[in-house]
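FYI, full-length UniProt numbering numbers position 150 of the sequence shown as 150, with every residue one higher than the one before it.
All C-beta atoms in this analysis are idealised placements derived from N, C-alpha and C, irrespective of residue type, glycine included.
Treat the numbers as computed from the prediction; the structure is a model and nothing was measured.
Structure first, commentary second.
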Amino acid sequence: MVLKKQYFDANFPKDSDNATYHVGTKRGEVAARIVCVGDPTRAKVLASSPDFKLVFQKTSKRGFTTYTGYYKGTPISVVATGMGFPMADFFVRECRAVVDGPMLIVRFGSCGGISDRARVGYMAVATKCINVIRNVDYFSALVKGRAPEGRPYLISQPVDVDVELLQCLTTELRREIHPARVIACMNATACSFYSSQGRTDEAFTDENASLIDDIRNAHEECETLEMETFQLVHLAHASATRHNGWSPSIRAAACTMVFAGRTQNEFISPADVEHLERVAGTAVLDAIVACSLDGEV
């Protein structure tokens, strides 16, 4: 990578314009209401909505794309974050750094369904989220010929999404999509698309043949798997600090399109993705502007 700007402060790098290191935005370029997506094409679909008036657009050197404008008169940003925990972490922390006051964040992503109810082409709204992480110490012992301790994958306790955002998302999605095709359930966020989501691969030692069953046995209400939501919701809870009176400055929720049916071994069609991105995307935008934001008149 060629560094084209001088950055300052090794703890939280910003350039001379006070733009952040990864997302690449500064104050005035990100709204307090944000819809985050993994796919930049999906972000463009949302920002191209007839009711979205675009006033700012930027793609950073690290691959984040930000669209900021007004949706039905309300300031809003749509940010494409890419995939996984680190990208979600960069996104939340760096947007928090350039927005004053309370924030609302909704993830509009994709997932795999791990129950008979979470079928391909359905929408899943997260009620809670758990974290599934590969236990590297287990595998280190295994490859060194020692008896591993613990389990190959660590499954966390659940964290709650914001109740009002959850209700707004569910209401708007069921308005745009047949209610039977919108389910509310616990979500699991994994550290990988492969091993920690129970996908088998003979090229690696993963010890994950029973992982989906292990997740369902630990949390039977868990019906979806993806890679970002837990970090988003966890950081929203962690935005409660002594500096703001232990009141979270971020409220977060998530909904996902079921792309992969893990129990049925099915995958969504391009036509269904295009339809869901447009229809569910409208519902997500309507939901986040319908939700109250502390301090708004």
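- Going by DSSP, L285 is part of the alpha helix (DSSP H) stretching over 270–290.
- DSSP, read as helix, strand or coil, puts I114 in coil.
- Taking every protein chain shown into account, the CB of Q231 has 16 or more other CB atoms within 10 angstroms, so this residue is buried.
- At the C-beta level, D162 and A252 come within 7 Å of one another.
- The three-state reading of DSSP puts F193 in coil, since its state is none of H, G, I, E or B.
- Here F90 has H22 as same chain residues with Cβ atoms under 6 Å from its own Cβ, once five neighbours each way along the sequence are excluded.
- Counting along the chain, N217 sits inside no beta strand (DSSP E); it lies in the alpha helix (DSSP H) bounded by residues 211–218.
- Bounds of the alpha helix (DSSP H) holding Q167 are 163–176.
- Counting only the Cα atoms, R181 lies some 22 Å from C36.
- Counting along the chain, no alpha helix (DSSP H) covers A80; the unbroken beta strand (DSSP E) around it starts and ends at 74–80.
- The segment 215–234 makes contact with the segment 102–115: 3 or more CB pairs, one atom from each, lie closer than 8 Å.
- Remark: fewer than three beta-carbon pairs, one from each stretch, lie closer than 8 Å, so the segment 135–152 and the segment 167–179 are not flagged as touching.
- Looking from the CA of F56, the closest CA among G28, H243, W246 belongs to G28.
- By the CB criterion at 7 Å, A88 and V258 fall outside the cutoff.
- With respect to the C-alpha of S49, the residue from S77, I268, I105 having the closest C-alpha is S77.
- Apart from the 5 residues on each side of it in sequence, N187 sits with its Cβ closer than 6 Å to the Cβ of A126, C129, T224, T229 in its chain, given in chain order.
- Taking 4 residues as the shortest admissible run, the segment 16–93 contains the following complete alpha helix (DSSP H) segments, listed from N- to C-terminal end: 40–47.
- Secondary structure at T205: coil, using DSSP grouped into helix, strand and coil.
- Here L225 carries a strand assignment [DSSP, helix/strand/coil].
- From the listed residues S249, D17, P13, the smallest Cα separation to G295 is found for S249.
- By the Cβ-count criterion, G73 is exposed, with fewer than 16 other Cβ atoms from all chains shown falling within 10 Å of its own Cβ.
- Non-local C-beta neighbours of D15 in its own chain, meaning closer than 7 Å and more than five positions away in sequence, comprise K5, Q6, Y7, ordered along the chain.
- Take I212, set aside five residues on each side of it, and the residues of its chain with a beta-carbon closer than 6 Å to its own are I114, G198, in chain order.
- Only residues of its own chain outside the window of five on either side were considered, and among them R42, V45 have a CB closer than 7 Å to the CB of E277, listed in chain order.
- A direct Cα-to-Cα measurement between T65 and L142 gives close to 41 Å.
- No Cβ-Cβ contact shorter than 7 Å links L104 with N135.
- Secondary structure of D137 (DSSP, three-state): helix.
- In this structure, V120 sits near G261, with a CB-CB distance shorter than 7 Å.
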